[in-house]
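*Asks:* Sharing a structure here in structure tokens format.
Residue numbers (full-length UniProt numbering): 1 to 427.
What follows is the structure, given as structure tokens:
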């Protein structure tokens, strides 16, 4: 069955209104033929390209739990906010307004990557998100009220003419290490449509990249093995069957989400479009150092006919459950009408045997199209908590006006079968 893109995958993300306008960027070209016979200029941002033999290695950094101190926190309201239904009885008009904005945290933003700077929440919270073609960063004391973007933008599109990310970059995942180093995995494209489609369009080229920072604000790109500087390419061999050449992927290796399973064992989950089945699926690659990756094949596909994810799965974010020892994946599921919801799957080893936790999505678009997330919900980011509310699910929602925004829901019960949106933060 051919995948129907639907409104969600084609939204015109209005966060471009909030982003700094960038100058025109030269189109990507082969490394062997620089334009006009001249070498490319270096990036006009503070991001610089470094070779993959960087002295920083995850095998040296991963011994202790992550304890990165966040950048200088910006002033935010100190009033505590509950992540459950209010107990008072506000006026009817206020109740209706609050209901329409339940879960909403940040407008004009998408692709949330949320991390606690220290387990227990004592070190603050970090949020990377896409703002136009760039990656932006905000901070928070509680993971709910977020300050304005920290300057400068962490990552902007590359000005190297041969690179894979000259048009747009979107954050995908972050690893925080005890040494104070942060690794940010991201998706990059040479197609300007990427910033509008959030990597869901079938014909948009997208590849994974990596940038490293010691303060969370100034970044250096790490050049991968692919000739464009990406960590992986569509034309890379599939680790399960090298005879297949480029494997099952077509056009993209998108939304890299990385789990540090053990020292010397890093796992990247990504999605691509399978032209044989005509739907998106999630694949796996493995690495010893976080820079050189080898594909391990497809690990998770769309569901049966009539299911909420029958037309494909993508944007899979995997977390290792500290309490149960298993792996939990939240992902976008696309139904036959192109409507996007968020589903959940679990695996004992994080490699194979992924099974859905429920035949229903854990989070659906709002029932009313007029609400901020009434058209679709996606780009899930799962965070395990320590207290009464075990998990938080950050996500991107799109309303009827096409504007993207970031919201949050919390788990109800231990089964992780249902998430409830938090109280309204923005009205």
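Cβ atoms here follow ideal geometry from the backbone N, Cα and C, with glycine treated the same way.
(1) Pull up the CB-CB distance for residue 154 and residue 135, whole angstroms please, since I reckon it's below 8 Å.
(2) Tell me which same chain residues have a C-beta within less than 7 Å of the C-beta of residue 420, skipping the five on either side of it?
(3) Please go through the same chain and pick out, in chain order, the residues whose beta-carbon is closer than 8 Å to the beta-carbon of residue 174, but skip the five residues on each side of it.
(4) From residue 49 to residue 158, what distance separates their C-alpha atoms?
(5) Does the structure place the stretch 289-298 close enough to the stretch 222-232 that three or more beta carbon pairs sit under 8 Å?
(6) Look up residue 208 in the DSSP assignment and give the residues it is bridged to.
(7) Straight-line CA distance for residue 171 to residue 160?
(8) For residue 131 versus residue 156, is the C-beta spacing smaller than 8 Å?
(9) Run the CB neighbour count on residue 306, radius 10 Å, all protein chains shown included, and call it buried at 16 or more, exposed below.
(10) Among 203, 257, 359, which one has its Cα closest to the Cα of residue 273?
(11) Specify the secondary structure class of residue 273 as computed by DSSP and reduced to three states.
(12) Output yes or no for whether 8 Å exceeds the beta carbon distance between residue 107 and residue 332.
(13) Please report how far the alpha carbon of residue 381 lies from the alpha carbon of residue 345, in whole angstroms.
(14) Could you work out which residue in 166, 105, 304 is closest to residue 145 when comparing CA atoms only?
(15) Near residue 327, which residues of its chain fall below 8 Å by C-beta distance, leaving aside the five closest residues on each side in sequence?
(16) Using the C-alpha atoms, what's the distance from residue 295 back to residue 245?
(17) Are the CB atoms of residue 407 and residue 399 within a distance shorter than 8 Å?
(18) Helix, strand or coil for residue 300 per DSSP?
(19) For residue 355, does the count of other Cβ atoms within 10 angstroms reach 16, so buried, or fall short, so exposed?
(20) Spatial neighbours of residue 323 within its chain, please: C-beta separation below 7 Å, excluding the five flanking residues on both sides.
(21) So, for residue 364: in the same chain, excluding its five sequence neighbours on each side, which residues have a beta-carbon less than 6 Å away from its beta-carbon?
(22) If you measure between the beta carbons of residue 138 and residue 149, is that distance less than 8 Å?
(23) Measure the C-alpha to C-alpha separation of residue 297 and residue 215 and round it to an integer number of angstroms.
(24) Anyone know if the C-beta pair for residue 254 and residue 271 falls short of 8 Å?
(25) What did DSSP end up calling residue 177 once you bin it into helix, strand or coil?
(26) On the CB-based measure, 16 or more other CB atoms within 10 Å of its CB, does residue 315 come out buried or exposed?
(27) Hey, out of 311, 248, 277, 275, whose CA is closest to residue 284's CA?
*Replies:* By the coordinates alone:
(1) 5 Å
(2) 409, 410, 412
(3) 113, 115, 126, 128, 182, 183, 184, 185
(4) Unreliable placement is indicated for residue 49, whose pLDDT of 47 sits below 50; the coordinate value is still reported in the next sentence. Roughly 9 Å separates the two Cα atoms.
(5) yes
(6) 187
(7) 19 Å
(8) no
(9) exposed
(10) 203
(11) strand
(12) no
(13) 14 Å
(14) 105
(15) 259, 318, 319, 320, 321, 346, 347, 348, 349, 350
(16) The predicted model places residue 245 with a pLDDT of 42, which falls under 50 and marks its position as unreliable; any figure quoted below should be read in that light. Between residue 245 and residue 295, the C-alpha separation is close to 11 Å.
(17) no
(18) strand
(19) exposed
(20) none
(21) 341
(22) yes
(23) 35 Å
(24) yes
(25) coil
(26) buried
(27) 248
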